[in-house]
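Heads up, the thing below is written out as structure tokens.
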Amino acid sequence: MSTSTKSLALLICGSLTANLIEKYGDYSQVFGTFFRNSLPENTDFTLDAYDVFNKMEYPSEEKLGQYDGIVLTGSAASAYENVEWINKLVAFIARIANDLPQIKIIGICFGHQIVGRALGGECVPNNGIWEVGPTTVDLTDLGKEFFGVETLNVQQMHRDHVPTVPTTFHLLGSTSACFNQGMVRFSPGTTPGKKDLKDVQVFAIQGHPEFDKGIVSGLVEARLSTGIFDEGMAADVKRREDWRNDGIPILGRAIWAVLGVTV
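Take the sequence shown: its letters are residues -18 to -1, 1 to 245, numbered as in mature numbering (1 follows the signal peptide of the UniProt record, and there is no 0).
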């Protein structure tokens, strides 16, 4: 059987800590590992990284047309900020979604929030509430249909959220602290009735399917040392660190299905 290759653009929206980069690599390496470990057989991929955070790098128009998907990473920044690089990113995602619908958009955490802001919703602070570490997400009927389970366990690292679901999107799941844990928008012209992940144009999730417990532990330690997290929060994350992580086996495979790869 021949091997199909998917071309992805990774829009890097932030950075991991120096200690984590030394151990796991930067975001391009972390996402490369995530995609490789969830990759179905007879599929390969290319992953081109663009630093939209520090350098406001974007694909050229010629290169853009060669991509099957665009992936937005997480960030320590807030997606609601009125700063140049975020405003440019919001405008870019809106243009891709509306003018180039053949390119799939995958938003992760901060990327999910940018998608919300770009496509009819908003991102706001969640009243100081953090979700950190493995968290159980209750799925909607659509989420259950797509993922084949009743609930998902996914790593989290956020205190901003998308409080509602934009009118062109469908909700995938919720937690008690965050109503919009994930959402999809279907491609134009999708046939009404039973939906398939390959029919999804935009897939956005609040959690971090690319994180494992080591990355989350390192982020918690870093934020504990600076006073962002307290000992109680760190202990609670530690208590849950060995919970099942559905990032690779379920969410990773779902993302590949969105990209048109048979799982």
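C-beta atoms are modelled at their ideal positions from N, C-alpha and C, and glycine is treated no differently.
Put simply, the backbone Cα of PRO148 is about 7 Å away from that of GLY98. Per DSSP, the unbroken alpha helix (DSSP H) holding SER10 starts and ends at 9 to 19. Judged by DSSP in its simplified three-state form, VAL144 adopts coil rather than helix or strand. Annotation for HIS190: no beta strand (DSSP E) segment contains it, and DSSP assigns it neither H nor E.
Bounds of the alpha helix (DSSP H) holding ARG221 are 213 to 222. Beyond the five residues adjoining it in sequence on each side, VAL202 comes within less than 7 Å, by CB distance, of VAL114, PHE211, ALA216, VAL219 in the same chain, given in chain order.
Uninterrupted beta strand (DSSP E) stretches at least 3 residues long and entirely within the stretch 13 to 60 occur at 25 to 33, 51 to 54, given in chain order.
In summary, ALA61 is buried, with 16 or more beta-carbon neighbours lying within 10 Å of its beta-carbon over all protein chains present. A contact between stretches requires three or more CB pairs, one per stretch, nearer than 8 Å, and the stretch 114 to 124 fails this requirement with the stretch 85 to 102.
Around the beta-carbon of THR208, fewer than 16 other beta-carbon atoms lie within 10 Å, marking it exposed. Around ALA186, the same chain offers GLY89, HIS94, VAL97, MET165 as residues with beta carbons nearer than 6 Å, after the five sequence neighbours per side are excluded. By the C-beta density criterion, SER57 is buried, having at least 16 other C-beta atoms within 10 angstroms. The C-alpha of ASN80 lies about 14 Å from the C-alpha of LEU46. Contact between GLY14 and LEU29 holds: their C-beta atoms lie close to 5 Å from each other, under 8 Å. Taking C-beta separations shorter than 7 Å and ignoring five residues to either side along the sequence, the partners of GLY200 in its chain run THR(-2), ASN1, LEU2, following chain order. Within 10 angstroms of the beta-carbon of GLY171 lie fewer than 16 other beta-carbons, which makes it exposed.
For a cut-off of 8 Å, the C-beta gap from ALA239 to LEU179 is around 4 Å, short enough to register as a contact. Closest in C-alpha terms to ILE237, from the list CYS(-6), PHE17, ALA(-10), ILE111, comes PHE17. Leaving aside the five residues that flank GLY(-5) on each side, the residues in its chain whose CB is nearer than 8 Å to its CB run, in chain order, TYR9, PHE35, THR55, GLY56, SER57, ALA58, ALA59, PHE92.
Using a Cβ distance threshold of 7 Å, LYS(-13) and ASP33 do not count as a contacting pair.
With a threshold of 16 other beta carbon atoms within 10 Å, ARG235 meets it and is buried.
In summary, ASN69 is exposed, with fewer than 16 beta-carbon neighbours lying within 10 Å of its beta-carbon over all protein chains present.
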